[in-house]
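Reading through the structure tokens given below for one structure.
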Amino acid sequence: MNVKLIAHTQLSEDFCDHIYRLTPDMDEYVTEKVSDGQAVALTAIRTCYSPGKPSEIVAKEGAKYFGNKATDGEGGSEADRLFRHIVRSRHTSTLEHLSFTFAIEGVSRALLAQLTRHRVGFSFSVQSQRYVRFGSGDKSGGFDYVVPESVEGKRCKMSDSDGEYSAETLFNQAMAISQQVYDDLRKAGVPSEDARAVLPNAAATNLVMTANLRALLEFYAKRKAGNGAQVEIAKLAEELKEAVINAEPWTRQFFEG
1 MNVKLIAHTQ LSEDFCDHIY RLTPDMDEYV TEKVSDGQAV ALTAIRTCYS
51 PGKPSEIVAK EGAKYFGNKA TDGEGGSEAD RLFRHIVRSR HTSTLEHLSF
101 TFAIEGVSRA LLAQLTRHRV GFSFSVQSQR YVRFGSGDKS GGFDYVVPES
151 VEGKRCKMSD SDGEYSAETL FNQAMAISQQ VYDDLRKAGV PSEDARAVLP
201 NAAATNLVMT ANLRALLEFY AKRKAGNGAQ VEIAKLAEEL KEAVINAEPW
251 TRQFFEG
């Protein structure tokens, strides 16, 4: 599995220039001390409760929230206190304005089936088994696959003797048989869009996924390790979490809380 953050919410140059024109002193906060995500979150949250215009909130209220220590005793700035209050009060629709786009590579179709059950706040563009050919002689060189951790190191008893064999060997043999059947069907003139029916849940795929912060927090809460999630998707949840935190460090508390 490989997860890369392709893009995430950023302030426009026009908006930053607008802040500077309104309040030159706030330019330092926005360009050096405040992440783009924090500025967007503050704008969305305070728009719900402030008589001010959304385009002016960071300029006129930013110093108050980003420049003062949190009054709830939990650390960070007043903005952090506000963000905590919003999450605890479940007014998290305001976090939907922050989006993250990921390249997700080498995950199983079994994981994909689980992942795409998360529909609200998610967008998916998935490698097609209809248009991408997975024959041994195609550019793909055949289909890749994901071996579940539970298969690795396990031993299976032979049904007709007292002997044992490797579960991973058996798994790999099954994948090889699927590949051979796919190849034979293609040679027989079966189109790839129909031959793909024999490819297994273990077959690997790639996708681009975009999700907003609220959706990612809810996904992580449901799919993180220890909540009954399958190992592969729990690992994906951790990878997504780390990518978001690296881009917007202030979000860490909401994944861990």
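Residue numbers (the UniProt record's numbering): 1 to 257. Where a beta carbon is used, it is the ideal one built from N, C-alpha and C, also for glycine. As the structure is a prediction and not an experimental result, all values here were calculated from the model.
At least 8 Å separates the beta-carbon of Ala-237 from that of Phe-254.
By the Cβ criterion, the region 180 to 194 is not in contact with the region 90 to 98, since fewer than three pairs of Cβ atoms, one from each stretch, lie closer than 8 Å. Tyr-165 counts as exposed, since fewer than 16 other beta carbons sit within 10 angstroms of its beta carbon. Taken through DSSP and simplified to helix, strand or coil, Met-1 comes out as coil. For the options Leu-42, Glu-242, Ser-125, Ala-202, the alpha carbon positioned closest to that of Leu-98 is the one of Leu-42. Between Asn-206 and Gly-106, the alpha-carbon positions lie close to 6 Å from each other. DSSP, reduced to helix, strand and coil, places Val-34 outside both helices and strands of the structure shown, so it counts as coil. In the DSSP secondary-structure assignment, Ile-104 is bridged to Val-3, Leu-207.
In summary, Lys-187 is exposed, with fewer than 16 beta-carbon neighbours lying within 10 Å of its beta-carbon over all protein chains present.
Of the candidates Ala-39, Asn-212, Asp-72, Ala-39 places its Cα closest to the Cα of Val-58. Val-208 and Val-198 have their C-alpha atoms spaced approximately 24 Å apart. When secondary structure is reduced to three states using DSSP, Phe-124 falls in the strand class. Non-local C-beta neighbours of Val-87 in its own chain, meaning closer than 7 Å and more than five positions away in sequence, comprise Phe-254, ordered along the chain.
DSSP places Glu-152 in no alpha helix (DSSP H); its state is neither H nor E. In this structure the region 59 to 69 does not lie against the region 5 to 16, because fewer than three pairs of beta carbons, one per stretch, are closer than 8 Å. Taking C-beta separations shorter than 6 Å and ignoring five residues to either side along the sequence, Arg-84 has no partners in its chain. Nearest to Arg-196 by alpha-carbon distance, out of Arg-223, Ser-108, Ser-178, is Ser-178. Contact between Arg-130 and Ala-203 is ruled out by a C-beta separation of about 13 Å, above the 8 Å threshold. Between the alpha carbons of Tyr-65 and Ser-89 lies a gap of roughly 19 Å. Taking the CA atoms as reference points, Ser-136 sits about 4 Å from Gly-142. Around the beta carbon of Ile-6, fewer than 16 other beta carbons sit within 10 angstroms, so the residue counts as exposed. If only complete runs of 3 or more residues are kept, the region 188 to 243 shows the beta strand (DSSP E) at 204 to 212, in order along the chain. Of the candidates Lys-139, Glu-168, Val-147, Glu-168 places its Cα closest to the Cα of Gly-153. Straight-line measurement puts the Cα of Ala-243 at about 11 Å from the Cα of Thr-251.
A check of alpha carbon separations from Met-1 across Phe-134, Asp-144, Thr-9, His-118 identifies Asp-144 as the nearest. For Tyr-145, no beta strand (DSSP E) encloses it, and the DSSP letter there is neither H nor E.
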